[in-house]
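**Student:**
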Amino acid sequence: MKKEMNIFGVRKIAVTISLLLMAASVVIIALMGVKRGVQFVGGSEIQVKFRTPVDISDLRAAFKKNGFSHASIMQITGQNEFIIKLKGKAGDETAKGSKVSQRISEIFREASKEEKTSLFDLNKTNATDLAYLMKKGNPLKIDENEMIGEKRTVYDDIAEKIVQARSKKGDFFNSIDEALVSVTQPEVKDFLKKSCTLGNYIKLKEDTFSPSISSEQTEKAILAIVMALGAILVYISIRFKFNFAVGAVLALVHDVTISLGMFVLFKQEFTLPVVAAFLTIVGYSLNDTIVVFDRIRENLKIVKTVPLDQVINTSVVQTLTRTLLTSLTTLFVVVVIFFFGGLALKGFSFPLLVGIIVGTYSSIFIASPVYYFVEEHFYKEK
Numbered sequence: 001m002k003k004e005m006n007i008f009g010v011r012k013i014a015v016t017i018s019l020l021l022m023a024a025s026v027v028i029i030a031l032m033g034v035k036r037g038v039q040f041v042g043g044s045e046i047q048v049k050f051r052t053p054v055d056i057s058d059l060r061a062a063f064k065k066n067g068f069s070h071a072s073i074m075q076i077t078g079q080n081e082f083i084i085k086l087k088g089k090a091g092d093e094t095a096k097g098s099k100v101s102q103r104i105s106e107i108f109r110e111a112s113k114e115e116k117t118s119l120f121d122l123n124k125t126n127a128t129d130l131a132y133l134m135k136k137g138n139p140l141k142i143d144e145n146e147m148i149g150e151k152r153t154v155y156d157d158i159a160e161k162i163v164q165a166r167s168k169k170g171d172f173f174n175s176i177d178e179a180l181v182s183v184t185q186p187e188v189k190d191f192l193k194k195s196c197t198l199g200n201y202i203k204l205k206e207d208t209f210s211p212s213i214s215s216e217q218t219e220k221a222i223l224a225i226v227m228a229l230g231a232i233l234v235y236i237s238i239r240f241k242f243n244f245a246v247g248a249v250l251a252l253v254h255d256v257t258i259s260l261g262m263f264v265l266f267k268q269e270f271t272l273p274v275v276a277a278f279l280t281i282v283g284y285s286l287n288d289t290i291v292v293f294d295r296i297r298e299n300l301k302i303v304k305t306v307p308l309d310q311v312i313n314t315s316v317v318q319t320l321t322r323t324l325l326t327s328l329t330t331l332f333v334v335v336v337i338f339f340f341g342g343l344a345l346k347g348f349s350f351p352l353l354v355g356i357i358v359g360t361y362s363s364i365f366i367a368s369p370v371y372y373f374v375e376e377h378f379y380k381e382k
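When we follow our numbering, the leftmost residue of the sequence shown carries the number 1, and every step to the right adds one.
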């Protein structure tokens, strides 16, 4: 008969390694601190795209020159696209009003070598402002008294089609003719050609977070993780027994602590998508743990005379192949996202990458030993 692997026999070594890693993680977090994103400290996040290449060092110098020395600027690989984050005082200042926003727009204009003009920019405008321009100029000579029915919305419809065409394209109009391809009225087309221009940059996204909202976001993020752990404790207590629940929750605390420690060590930024990633780690790790616990419960009903540590070892061995195959499959996908998913997904995929590895380890080497300890010391019949 083939001898069974004694995985459970190394539990003391595994728990010792985990305790050391958790202690190291706590020290790293305490000394380095969590690098919080603008959602949690207040400020602004702007994603801008330029028509022609712009050197990131020139862009940094321009922000510093204009009083934004703490601006964080990252370039999206292979594109003329940048993400600018303004935290702390700069972010608070940005949130105060349009003057600072105009200063930032001026930086982008200079960086893109865009000439100052009073013409209307079709690469930046929204449908409402464009419709207002046409209503003010009124190239179709529609009398105010005739502004009913279809005539009332004719300029709104034209503006909406132009803006939708730009959104469908994804970035810039390359020529005025391209921008006005949907305009069928010659008078309107001539008016817009004279009144409009095409800028060299566009803001793809601009989000501002006040300090009070950011503080609330931090509290909600912490509460979400704590509530998730609490709900899991209640669920496993009902689904199995409380001693199983203790093992599952402590394994999850282990996973989150070590993942967060690695996250801080590699100076990753803590954002709302990262909160989602940590909640995903909790759910993923729990899934593996439940599979092991379910097998332990089934085996306990079958072999009531076998010592508990042997039953646990057998259960872990029986589920080992399934656990490893599932984790490796998921890990492969996350690795692809991490290396090829771009800057936007890197912050989300990094904690998942660490969490899947640590979660698989804890499902095998941490959750069951904790359950065994609680069962032997607090539930065993004397």
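Ideal placement from N, C-alpha and C gives every residue a C-beta, glycine not left out.
Tell me whether the beta-carbon of Q268 lies closer than 8 Å to the beta-carbon of K87.
**Tutor:** Taking 8 Å as the Cβ cut-off, Q268 and K87 do not qualify as a contacting pair.
**Student:** What does K87 pair with, by DSSP beta-bridge criteria?
**Tutor:** According to DSSP, which records beta bridges pairwise, K87 is partnered with G43.
**Student:** Excluding the 5 residues flanking E81 on each side, which residues of the same chain have their C-beta closer than 6 Å to its C-beta?
**Tutor:** These residues qualify, in order along the chain: K49.
**Student:** How long is the line joining the alpha carbons of F270 and T360, rounded to whole angstroms?
**Tutor:** Straight-line Cα distance between these residues: approximately 23 Å.
**Student:** Apply the 10 Å Cβ neighbour rule to F39 and answer buried if 16 or more other Cβ atoms are within range, or exposed otherwise.
**Tutor:** One detail in the question is off: residue 39 reads as Gln in this sequence, not Phe. Q39 is buried by the Cβ-count criterion.
**Student:** Answer yes or no: do L345 and T77 have a C-beta to C-beta separation smaller than 8 Å?
**Tutor:** Contact flag unset, no.
**Student:** Output the boundary residues of the alpha helix (DSSP H) element that contains I222.
**Tutor:** From DSSP, the alpha helix (DSSP H) with I222 extends over 211–239.
**Student:** Taking the CB atoms as reference points, tell me whether V246 and L229 lie closer together than 8 Å.
**Tutor:** Cβ atoms of V246 and L229: not closer than 8 Å.
**Student:** Are there 16 or more other CB atoms within 10 angstroms of the CB of Y379, so buried, or fewer, so exposed?
**Tutor:** With fewer than 16 Cβ atoms within 10 Å of its Cβ, Y379 is classed as exposed.
**Student:** With 16 as the cutoff for other CB atoms within 10 Å, does G9 come out buried or exposed?
**Tutor:** So G9 counts as exposed.
**Student:** CB-CB under 7 Å to E93, same chain, minus the five flanking residues each way: which ones, in chain order?
**Tutor:** Per-residue confidence for E93 stands at a pLDDT of 48, beneath the threshold of 50, marking its modelled position as unreliable; the derived number appears in the next sentence. Correct list, in chain order: V100.
**Student:** Would you mind giving the Cβ-Cβ distance between M32 and V264, rounded to the nearest angstrom? I have them listed as a contact below 8 Å.
**Tutor:** About 5 Å; that satisfies the 8 Å criterion.
**Student:** Taking only runs that begin and end inside the stretch 283–310, name each unbroken alpha helix (DSSP H) of 4 or more residues, in chain order.
**Tutor:** Counting whole runs of 4 or more residues, the stretch 283–310 contains no alpha helix (DSSP H) stretch at all.
**Student:** Quick check on the burial criterion: 16 or more other C-beta atoms within 10 angstroms. Buried or exposed for N126?
**Tutor:** Classification of N126: exposed, given that the 10 Å Cβ count is below 16.
**Student:** Quick one: what's R36 bridged to in DSSP?
**Tutor:** Answer is F270, bridged to R36.
**Student:** If you count every other CB in all the chains shown that lies within 10 Å of the CB of M227, and 16 or more means buried, which is it?
**Tutor:** By the neighbour-count rule (16 or more Cβ atoms within 10 Å), M227 is not buried but exposed.
**Student:** With C-beta atoms as the reference, is A24 less than 8 Å away from G261?
**Tutor:** Yes, these two residues count as a Cβ contact at 8 Å.
**Student:** Considering only the alpha carbon of each residue, which of I225, K205, K304, I258 lies closest to M22?
**Tutor:** If we check each option's Cα against that of M22, I258 comes out closest.
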